[in-house]
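First comes the structure, then the notes that go with it.
Numbering (the numbering used here), first residue to last: 172 to 468.
So, in structure tokens, the structure goes:
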């Protein structure tokens with residue numbers, strides 16, 4: 172468990188003064204399960220701004236132990252193209268990986284695969300992504316950005332359409348646009364564009380029904396290594412998970428790689444869960460991508 176209390180004071184060259192006090196508390200557990208000489212390590216955690224919002228210690232420990240035990244007997248699957256289901260924490264990681272491509276400075280440098288996609292549809296019609304720095308009890312909530320500009324809630328992706336990039340003042344000036352008040356910084360770093368409290372809007376689907384909806388699918392439970400190349404848009408990541416047939420878990424999976432073109436992945440999201448989970452500054456529900464290449468044995 173870790174706790175912190177922070178106080179931030181920002182003085183600007185234009186005479187502005189802004190201050191913010193915040194708290195954070197996190198809890199994590201990393202158990203090891205063993206059977207027949209095989210070891211499986213897993214983890215579970217929660218991170219909130221208020222103690223009363225934090226999952227109970229027993230729940231975090233039980234979930235971590237269950238996740239480790241269910242991976243015993245894991246093995247690769249044959250290389251194939253199947254639906255891939257991202258658990259909420261994996262969907263949150265998928266979303267976080269896209270932030271580099273939404274950085275206005277990278278767009279201006281032509282180092283983002285989204286650089287010419289503003290206003291266009293880049294994802295399934297049901298997908299909306301929001302950055303809300305004013306979220307109540309959000310871990311990155313603030314009424315001012317790293318340059319003292321007032322922050323606001325904004326839709327980055329609205330029903331599949333890319334609505335805006337993220338700009339600090341410097342990147343906005345280079346691009347010839349207004350800043351979006353998305354400057355992030357620490358006391359010893361220069362400002363850079365980034366999101367605050369990021370979330371995917373809940374969809375209509377029951378996560379259990381998503382699991383049952385495909386004859387065969389891979390449920391991703393843990394990612395290994397980096398995933399998205401924000402310049403080319405290529406996605407490739409080592410992964411562990413669960414192999415599902417006819418809605419039932421057949422066996423755990425390890426030593427596989429999931430890969431695809433990120434824009435194609437976004438466009439082929441055909442199920443969005445209503446189970447939005449927020450831990451830290453990113454929230455997402457269960458997502459199903461209709462087709463991805465799973466490379467195994």
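Glycine included, C-beta positions come from ideal geometry on N, C-alpha and C.
The structure presented is a predicted model; accordingly, all values stated were derived computationally and were not measured.
Presumed contact (8 Å Cβ cut-off) between residue 428 and residue 408, rounded CB distance: 7 Å
May I ask you to verify whether the region 350-369 touches the region 387-406, counting CB pairs closer than 8 Å and requiring at least 3? no
Taking all protein chains shown into account, do 16 or more other C-beta atoms lie within 10 angstroms of the C-beta of residue 421, making it buried, or fewer, making it exposed? exposed
Leaving aside the five residues before and after residue 447 along the sequence, list all residues of the same chain whose C-beta is less than 6 Å from its C-beta, in chain order. Around residue 447: 373, 454, 456.
Cβ-based neighbour list, residue 404, same chain, cut-off 7 Å, excluding 5 preceding and 5 following: 284, 432, 433, 434
What is the DSSP secondary structure of residue 206, reduced to helix, strand or coil? strand
Going by DSSP, which residues form a beta bridge with residue 429? 408, 465
Using 8 Å as the Cβ pair cut-off and three pairs as the minimum, do the region 344-357 and the region 271-284 touch? yes
Residue ranges of each beta strand (DSSP E) run of no fewer than 3 residues wholly in the region 298-332, ordered along the chain? 300-302, 325-329
With DSSP run on the structure shown, which of helix, strand or coil describes residue 439? coil
In whole angstroms, what separates the C-alpha of residue 411 from that of residue 227? 26 Å
Thinking just about the alpha-carbon of each residue, which of 451, 464, 461 is nearest to the one in residue 197? 451
From the DSSP output, in three-state form, read off residue 279 for me. helix
Measuring only the C-alpha atoms, how far is residue 270 from residue 350? 16 Å
Boundaries of the beta strand (DSSP E) in which residue 238 is found, first to last residue: First-last for residue 238: 228-240, but that is the alpha helix (DSSP H), not the beta strand (DSSP E).
For residue 340, the three-state DSSP class (helix, strand or coil): The three-state secondary structure of residue 340, taken from DSSP, is helix.
Where does the unbroken beta strand (DSSP E) through residue 254 begin, and where does it stop? 251-257
Decide if residue 281 is buried, meaning its Cβ has at least 16 other Cβ atoms within 10 Å, or exposed. exposed
Could you check the C-alpha separation between residue 323 and residue 353 for me, to the nearest Å? Roughly 9 Å separates the two Cα atoms.
I'd like to check one pair, residue 252 with residue 414: are the Cβ atoms closer than 8 Å? no
Can you find the residues in the same chain that come closer than 7 Å, C-beta to C-beta, to residue 268, ignoring five residues on each side of it along the sequence? 398, 399
Does the separation of the CB atoms of residue 386 and residue 419 fall below 8 Å? no
Measuring CB to CB, does residue 445 end up less than 8 Å from residue 384? no
For residue 361, count neighbouring Cβ atoms within 10 angstroms of its own Cβ and tell me buried if that reaches 16, exposed if not. exposed
CB residue 426 to CB residue 396, shorter than 8 Å? no
Could you give the distance in angstroms between the alpha-carbon of residue 177 and the alpha-carbon of residue 220? 11 Å
Around the C-beta of residue 375, are 16 or more other C-beta atoms found within 10 angstroms, so that it is buried, or is it exposed? exposed
For residue 364: DSSP bridge partner residues: DSSP, once it has assigned bridges, lists 354 as partnering residue 364.
What's the C-alpha gap between residue 312 and residue 279? One alpha carbon belongs to residue 312, the other to residue 279, and they sit about 27 Å apart.
Rounded separation between residue 303 and residue 205 - CA only: 42 Å
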